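Colleague: This is the structure, below, for whatever I ask next.
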Amino acid sequence: MDDLLFNQADSKYNNGNFEKAFELFLKAAENGDDSAMDRIASMYDAGEGVDYDFDKAIYWYQKAIEAGSVTSLYNLGISYRSKGNVLEAKHWFEKALAAGDFDAALDLAKLHMLCEAEQEKVIFYLKKCLQGNNLFEYTRKEAIDILEGFEKGSKRNKA
Numbered sequence: 178m179d180d181l182l183f184n185q186a187d188s189k190y191n192n193g194n195f196e197k198a199f200e201l202f203l204k205a206a207e208n209g210d211d212s213a214m215d216r217i218a219s220m221y222d223a224g225e226g227v228d229y230d231f232d233k234a235i236y237w238y239q240k241a242i243e244a245g246s247v248t249s250l251y252n253l254g255i256s257y258r259s260k261g262n263v264l265e266a267k268h269w270f271e272k273a274l275a276a277g278d279f280d281a282a283l284d285l286a287k288l289h290m291l292c293e294a295e296q297e298k299v300i301f302y303l304k305k306c307l308q309g310n311n312l313f314e315y316t317r318k319e320a321i322d323i324l325e326g327f328e329k330g331s332k333r334n335k336a
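Add 177 to a position in the sequence shown, counting from 1, and you land on the number used in this note's numbering.
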């Protein structure tokens, strides 16, 4: 039942009917579907089919996390980063990485790139990211590009 409801909601979402998609995702979420909870949160995050509401997005991400969603760990980190709360973002990205989401390592590397003294952590997280077997190709490419840039920079500094 929940899979059917989620698939109906996903179809509405993909066709741009965000209001109906939200309604169906909400029903699935209320039935305990953690993927639907994550989608509800992301719709609040983006203001798709509902008014933008950061607090409601956090609420639904946390409910999804309680229901076992690893995706929501990462997404909550993105939400906090978007709001400028780097410490909370880092916290959730670390939890996502610990749960096996290697995409979070790239985001951790980017957070550490803000401070020149953190270069070792940047390289550590980039290498950690590349250990993931289920990375999106663009994530893998971005991590490689950044890592190569750091390696070239460190060779120049030693010369």
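Think of the CB as a built atom: it goes at the ideal place given N, C-alpha and C, for glycine as much as any other residue.
Nothing here was measured: the structure is a model prediction, and the numbers come from that model.
Apart from the five residues just before and just after Ala-205, which ones in its own chain have a Cβ nearer than 7 Å to its Cβ?
Modeller: Walking along the sequence shown from the start, residue 205 turns up at place 28. Cβ neighbours of Ala-205 beyond the five flanking positions: Asp-179, Leu-182, Phe-183, Ala-186, Ala-213.
Colleague: Going by alpha carbons, who is nearest to Asn-252 out of Gly-261, Asn-194, Glu-243, Trp-269?
Modeller: By 1-based counting over the sequence shown, the position of residue 252 is 75. Looking at the Cα atoms, Trp-269 is the closest of the given residues.
Colleague: Here's the rule: buried if 16 or more other CB atoms are within 10 angstroms of the residue's CB, otherwise exposed. What is Asp-228?
Modeller: Position 51 of the sequence shown, counted from the first residue, corresponds to residue 228. By the neighbour-count rule (16 or more Cβ atoms within 10 Å), Asp-228 is not buried but exposed.
Colleague: Short of 6 Å in beta carbon distance, which residues of its chain neighbour Lys-335, apart from the five on each side in sequence? Order them along the chain.
Modeller: As a working mapping, residue 335 is identified with position 158 in the sequence shown. Low local confidence applies: a pLDDT of 48 at Lys-335 is under 50, so the model's placement there is unreliable, with the coordinate-based value given in what follows. Here the set comprises nothing.
Colleague: Quick check on Cys-306: does DSSP put it in helix, strand or coil?
Modeller: As a first step, residue 306 is located in the sequence shown; it is residue number 129 there, counting from the start. The answer is helix: DSSP assigns Cys-306 an H, G or I state.
Colleague: Distance, Cα to Cα, Ser-259 vs Leu-283?
Modeller: Start at 1 with the first residue of the sequence shown, and residue 259 comes out as number 82. Start at 1 with the first residue of the sequence shown, and residue 283 comes out as number 106. So the alpha carbons of these two residues sit roughly 16 Å apart.
Colleague: Once the 5 residues before and after Phe-195 are set aside, which same chain residues still bring their CB inside 6 Å of it?
Modeller: Taking the first residue of the sequence shown as 1, we reach residue 195 at position 18. Same-chain partners within the cutoff: Glu-225, Gly-226.
Colleague: If you draw a straight line from the C-alpha of Lys-298 to the C-alpha of Gly-277, how long is it?
Modeller: The count along the sequence shown starts at 1 and reaches residue 298 at position 121. The count along the sequence shown starts at 1 and reaches residue 277 at position 100. Rounded to whole angstroms, Lys-298 to Gly-277 spans 18 Å at the Cα level.
Colleague: Whole angstroms is fine: what's the gap from Phe-301's alpha carbon to Ala-286's?
Modeller: Taking the sequence shown and counting its residues from 1, one reaches residue 301 at position 124. Taking the sequence shown and counting its residues from 1, one reaches residue 286 at position 109. Going by the C-alpha atoms only, they are around 8 Å apart.
Colleague: With C-beta atoms as the reference, is Ala-218 less than 8 Å away from Ala-241?
Modeller: Along the sequence shown, read from residue 1 onward, the residue named residue 218 stands at position 41. Along the sequence shown, read from residue 1 onward, the residue named residue 241 stands at position 64. Yes; because the gap between Cβ atoms is below 8 Å, this pair is in contact.
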